[in-house]
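See structure below.
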Amino acid sequence: MAEFASSGCLFFDELIDEQTNKEFLDDIGHTNIDEVDSVQDFYKNIKATSSIPRIPAGTPLKEAFPKNSPLDKIFKNEVVEGAITSLVGSKTIVDHQFLHITFPTKYFNQANQRQMSQANHQDSTIDPRSTFDVQLFYFPTEVTKEMGGTRYHPGTHLRIVNENAIAKYQNILGQKSIVCKPGTIGIFHSGLWHGAGVNFSENIRYMFKVRLQPTEKQELLWDPEKKYQPLPNRALFWTDETKDQTINDILMRSYPWQEADTNRLDKINVVKFWRLLTGHKKMDVDYWLTRIENELY
Amino acid sequence: MAKRQKVLVLYLKFPSLEAEVISWATFDGTGKKLHMTGDTDTPPYPTGLDALLDGWRLFQASQAIPEHPGEEFRTSYLKHEFFFEKLEEGDF
Numbered sequence: 011m012a013e014f015a016s017s018g019c020l021f022f023d024e025l026i027d028e029q030t031n032k033e034f035l036d037d038i039g040h041t042n043i044d045e046v047d048s049v050q051d052f053y054k055n056i057k058a059t060s061s062i063p064r065i066p067a068g069t070p071l072k073e074a075f076p077k078n079s080p081l082d083k084i085f086k087n088e089v090v091e092g093a094i095t096s097l098v099g100s101k102t103i104v105d106h107q108f109l110h111i112t113f114p115t116k117y118f119n120q121a122n123q124r125q126m127s128q129a130n131h132q133d134s135t136i137d138p139r140s141t142f143d144v145q146l147f148y149f150p151t152e153v154t155k156e157m158g159g160t161r162y163h164p165g166t167h168l169r170i171v172n173e174n175a176i177a178k179y180q181n182i183l184g185q186k187s188i189v190c191k192p193g194t195i196g197i198f199h200s201g202l203w204h205g206a207g208v209n210f211s212e213n214i215r216y217m218f219k220v221r222l223q224p225t226e227k228q229e230l231l232w233d234p235e236k237k238y239q240p241l242p243n244r245a246l247f248w249t250d251e252t253k254d255q256t257i258n259d260i261l262m263r264s265y266p267w268q269e270a271d272t273n274r275l276d277k278i279n280v281v282k283f284w285r286l287l288t289g290h291k292k293m294d295v296d297y298w299l300t301r302i303e304n305e306l307y
Numbered sequence: 132m133a134k135r136q137k138v139l140v141l142y143l144k145f146p147s148l149e150a151e152v153i154s155w156a157t158f159d160g161t162g163k164k165l166h167m168t169g170d171t172d173t174p175p176y177p178t179g180l181d182a183l184l185d186g187w188r189l190f191q192a193s194q195a196i197p198e199h200p201g202e203e204f205r206t207s208y209l210k211h212e213f214f215f216e217k218l219e220e221g222d223f
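Following this line, the structure appears as structure tokens:
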């Protein structure tokens with residue numbers, strides 16, 4: 011949870027088994043690229059024949075997918091279920107889902123189109139809530155570097171921006187792109203900056219995404235026995251480096267893209283986020299909030 | 132001979148050209164190179180000053196705007212934005 015609070019993302023490599031990945035690919039009609047004539051026809055066929063349902067926004071996740079379908083199995087995976095319950099609760103609802111398909115260069119050449127990566131963006135629209143949604147990404151096939159897996163920027167999730175207004179940042183120091191084995195699951199905070207890369211391989215790249223909303227406060231959903239206790243204050247600047255790394259080191263991690271001044275606000279916002287996740291309204295890390303809350307007038 | 136503009140946008144760690152580059156974008160009006168999002172993980176220059184030393188002309192820099200009262204801790208866009216240009220002559 012501290013890792014999610016700090017970076018805004020979690021990954022579970024090769025979590026989904028080979029058989030379920032195969033069932034998902036069979037279900038969407040994954041085929042040899044030579045048998046795909048157009049992007050439009052490929053999507054049309056998937057929509058016509060796959061078991062991926064049309065889910066009205068606001069449907070409980072538990073009622074969303076047909077029993078024993080590949081997606082039902084994925085969401086019943088105990089790690090997936092545990093992560094979702096920890097982040098958005100067991101009564102979470104579906105906002106939307108989509109099967110993202112990134113086509114190889116061949117298709118752009120055929121259509122005489124410029125093959126460009128997707129610009130950096132934050133999904134949906136300006137979202138100043140303390141509540142957060144999560145986006146679960148499922149990669150049914152291997153994603154190699156040349157396939158242009160989802161680009162993301164760890165630690166950006168608490169910056170409040172307006173969707174595509176961050177498109178002007180072509181490259182951001184510390185940017186990462188997903189390279190993974192089949193069956194990998196990623197979970198993003200809904201505010202995480204991201205974008206799709208260019209697929210320079212000869213194979214189709216798939217990413218199935220579901221956005222989930224909580225229906226309850228996201229306080230200690232990950233600690234049902236409510237045992238979490240914040241760590242006591244530690245020395246600042248004149249520090250003891252011999253101590254083992256703690257949760258506080260994860261929460262106070264800096265990211266390469268952060269400005270020198272705003273980096274401190276980013277840390278303050280992580281502490282505020284951790285207060286919400288733990289229910290400890292006065293907890294602090296490294297005195298960032300205690301110092302400025304010491305208002306005596 | 133025609134002239135074309137190349138634009139380099141650098142976002143720096145703090146509002147001085149001596150600061151390190153943390154984000155960057157390049158737009159090539161000569162059409163020789165197509166830049167796009169995520170095309171390189173390494174900044175074109177270590178600092179803004181290094182861009183000047185390589186002949187880029189600064190034509191816009193972000194202003195220091197005080198935070199709105201009550202919103203002092205809200206974080207948003209990258210703050211320290213610098214626009215540079217180079218003009219290139221050629222038959223385009």
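Order-wise, the sequence lines are chains S and U.
Numbering of the first sequence is given in the numbering used here, commencing with residue 11 and proceeding in unit increments.
Numbering of the second sequence is given in the numbering used here, commencing with residue 132 and proceeding in unit increments.
Note that the Cβ used here is the ideal one computed from N, Cα and C, for glycine as well.
Inter-residue Cα distance where the pair is residue i and residue j
i	j	result
residue 194/S	residue 212/U	37 Å
residue 140/U	residue 179/S	9 Å
residue 292/S	residue 179/U	41 Å
residue 204/S	residue 26/S	23 Å
residue 62/S	residue 200/S	22 Å
residue 261/S	residue 43/S	44 Å
residue 124/S	residue 64/S	31 Å
residue 174/U	residue 176/S	18 Å
residue 31/S	residue 55/S	19 Å
residue 234/S	residue 45/S	50 Å
residue 284/S	residue 232/S	12 Å
residue 215/S	residue 237/S	42 Å
residue 185/S	residue 307/S	43 Å
residue 308/S	residue 133/U	Nothing can be reported for residue 308/S, as the shown portion of chain S is limited to 11 through 307.
residue 110/S	residue 145/U	37 Å
residue 80/S	residue 37/S	8 Å
residue 57/S	residue 241/S	51 Å
residue 223/U	residue 132/S	37 Å
residue 183/U	residue 189/U	7 Å
residue 296/S	residue 253/S	15 Å
residue 135/U	residue 163/U	11 Å
residue 70/S	residue 259/S	36 Å
residue 97/S	residue 181/U	44 Å
residue 137/S	residue 218/U	40 Å
residue 267/S	residue 59/S	44 Å
residue 130/S	residue 171/S	11 Å
residue 165/U	residue 209/U	24 Å
Neighbouring residues, chain S, relative to residue i (Cβ below 9 Å)
i	result
residue 184/U	Here the premise fails: no neighbours, minimum Cβ distance about 20 Å.
residue 174/U	181 and 183
residue 140/U	178, 179 and 180
Where residue i meets chain U, residues with beta-carbon distance less than 7 Å
i	result
residue 217/S	Under the 7 Å cutoff, chain U gives no residues; its nearest Cβ is about 15 Å from residue 217/S.
residue 276/S	206
residue 161/S	169
residue 279/S	204 and 206
Chain U residues whose Cβ lies nearer than 8 Å to that of residue i
i	result
residue 187/S	169
residue 266/S	153
Residue i: contacting residues in chain S (beta-carbon distance under 7 Å)
i	result
residue 145/U	269, 270 and 271
residue 180/U	Near residue 180/U there are no residues of chain S at all, since even the closest Cβ is about 16 Å away, more than 7 Å.
residue 210/U	269 and 272
Expected contact under 8 Å - CB spacing of residue i and residue j to nearest Å
i	j	result
residue 168/U	residue 211/S	Rounded, the Cβ-Cβ distance is 18 Å, inconsistent with contact.
residue 24/S	residue 191/S	5 Å
residue 230/S	residue 206/U	Not quite, the Cβ-Cβ distance comes to about 25 Å (not below 8 Å), so this is no contact.
residue 87/S	residue 170/U	35 Å between Cβ atoms; not a contact.
residue 13/S	residue 99/S	Residue 13/S to residue 99/S, Cβ: 19 Å. No contact.
residue 158/S	residue 208/S	4 Å
residue 263/S	residue 16/S	5 Å
residue 112/S	residue 206/S	6 Å
residue 183/S	residue 153/U	5 Å
residue 162/S	residue 108/S	Between residue 108/S and residue 162/S the Cβ distance is about 17 Å, and since that is not below 8 Å, they are no contact.
residue 204/U	residue 275/S	5 Å
residue 191/U	residue 214/U	4 Å
residue 150/S	residue 35/S	5 Å
Span of the beta strand (DSSP E), counted from its first residue to its last, around residue i
i	result
residue 103/S	103-112
residue 216/S	215-223
residue 142/U	133-143
residue 183/U	Counting along the chain, residue 183/U falls outside any beta strand (DSSP E), though it belongs to the alpha helix (DSSP H) covering 179-184.
residue 144/S	144-149
residue 154/U	152-159
residue 213/U	212-221
residue 194/S	194-199
Contact list for residue i against chain S, beta-carbon separation under 8 Å
i	result
residue 207/U	169, 170 and 171
Near the ligand ATP: residue i beta-carbon under 7 Å from a heavy atom
i	result
residue 274/S	This structure lacks the ligand ATP; in fact it carries no ligand of any kind.
Range of the contiguous alpha helix (DSSP H) that encloses residue i
i	result
residue 276/S	272-288
residue 298/S	298-303
Contacts that residue i makes with chain U (C-beta to C-beta distance below 9 Å)
i	result
residue 126/S	165, 167 and 168
residue 207/S	168 and 169
residue 130/S	168 and 169
Members of the region 154-172 of chain U near chain B, C-beta cut-off 8 Å
Among the protein chains of the structure shown, namely S and U, there is no chain B.
Give a yes or no on contact between the region 217-225 of chain S and the region 143-161 of chain S, applying the rule of three or more CB pairs nearer than 8 Å.
Yes, since at least three Cβ pairs between the region 217-225 of chain S and the region 143-161 of chain S fall closer than 8 Å, the two stretches touch.
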